[in-house]
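Visitor: Got a structure for you, questions after.
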Amino acid sequence: MDATPHWDTGSGLTHGTKTKKKAIIDTLIDLAVAASTVFLVFQLGEKFSIKLWTGVILGISPDLIEAPALFLDYRPFPIKQLEEFHNSFHRRLKFPYGLIPQLFLIAIILLIVYFT
Numbered sequence: 003m004d005a006t007p008h009w010d011t012g013s014g015l016t017h018g019t020k021t022k023k024k025a026i027i028d029t030l031i032d033l034a035v036a037a038s039t040v041f042l043v044f045q046l047g048e049k050f051s052i053k054l055w056t057g058v059i060l061g062i063s064p065d066l067i068e069a070p071a072l073f074l075d076y077r078p079f080p081i082k083q084l085e086e087f088h089n090s091f092h093r094r095l096k097f098p099y100g101l102i103p104q105l106f107l108i109a110i111i112l113l114i115v116y117f118t
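The number in the working numbering is simply the position in the sequence shown, starting from 1, with 2 added.
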């Protein structure tokens, strides 16, 4: 999924166009919106799904692993190597253009979920 060009809340940190405080605020808002959307679309009225929430956590795990490097400038082994691997296929676009592929992908997933 990270190979699909998209907008990230951390975009701009490495080039100094965004502050860490702004990135943290954007990330917390993004996490709240994403978790709420997953809950409302897939979990509301359903039995708790460990598979769903495990998928959510695994889906953001590359970003969780990258967080110490971005926010704390902490890159011990193997975080540095994982960050380099992640960045090798990660494609970013600036806001708002990076939201377009994300919204398109979400629309496709919702169509598949509701029509299968």
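Ideal Cβ placement from N, Cα and C applies to all residues, glycine included.
1) So Asp65 is in the alpha helix (DSSP H); what residue range does that whole segment cover?
2) Could you check where the alpha helix (DSSP H) with Lys96 kicks off and where it finishes?
3) Taking the alpha carbon of His17 as the reference point, which residue from Lys96, Gly47 and Leu113 has its own alpha carbon closest?
4) Is it the case that the Cβ atoms of Pro10 and Phe91 are separated by a distance below 8 Å?
5) Put His8 into one of helix, strand or coil per three-state DSSP.
6) Hey, how far is the Cα of Gly61 from the Cα of Gly14?
7) For Glu86, count neighbouring C-beta atoms within 10 Å of its own C-beta (all shown protein chains included) and say buried if the count is 16 or more, exposed if not.
8) With a threshold of 16 other CB atoms inside 10 Å of the CB of Glu68, please say whether the residue is buried or exposed.
9) So, is Gly57 buried or exposed, given that buried needs 16 or more other C-beta atoms within 10 angstroms?
Guide: According to the structure shown:
1) Position 63 of the sequence shown, counting from 1, holds the residue named residue 65. Its alpha helix (DSSP H) spans residues Ile52 to Leu74.
2) If you number the sequence shown from 1, residue 96 lands on position 94. Per DSSP, Lys96 belongs to no alpha helix (DSSP H) and is neither H nor E.
3) Here residue 17 is taken as the residue at index 15 of the sequence shown, counted from 1. Ranking Lys96, Gly47 and Leu113 by Cα distance to His17 puts Lys96 first.
4) One-based indexing of the sequence shown puts residue 10 at position 8. One-based indexing of the sequence shown puts residue 91 at position 89. In the sequence as presented, Pro is not what sits at residue 10; that position holds Asp. Against a cut-off of 8 Å, the Cβ pair of Phe91 and Asp10 comes out as no contact.
5) Working through the sequence shown from its first residue, we reach residue 8 at position 6. Strand.
6) Numbered from its first residue, the sequence shown carries residue 61 at position 59. Numbered from its first residue, the sequence shown carries residue 14 at position 12. Distance between the alpha carbons of Gly61 and Gly14: 21 Å.
7) Along the sequence shown, read from residue 1 onward, the residue named residue 86 stands at position 84. The residue is exposed, with fewer than 16 neighbouring Cβ atoms inside 10 Å.
8) Against the sequence shown, residue 68 aligns to sequence position 66. So Glu68 ends up on the buried side.
9) Within the sequence shown, the letter at position 55 stands for residue 57. When all chains shown are included, Gly57 counts as exposed.
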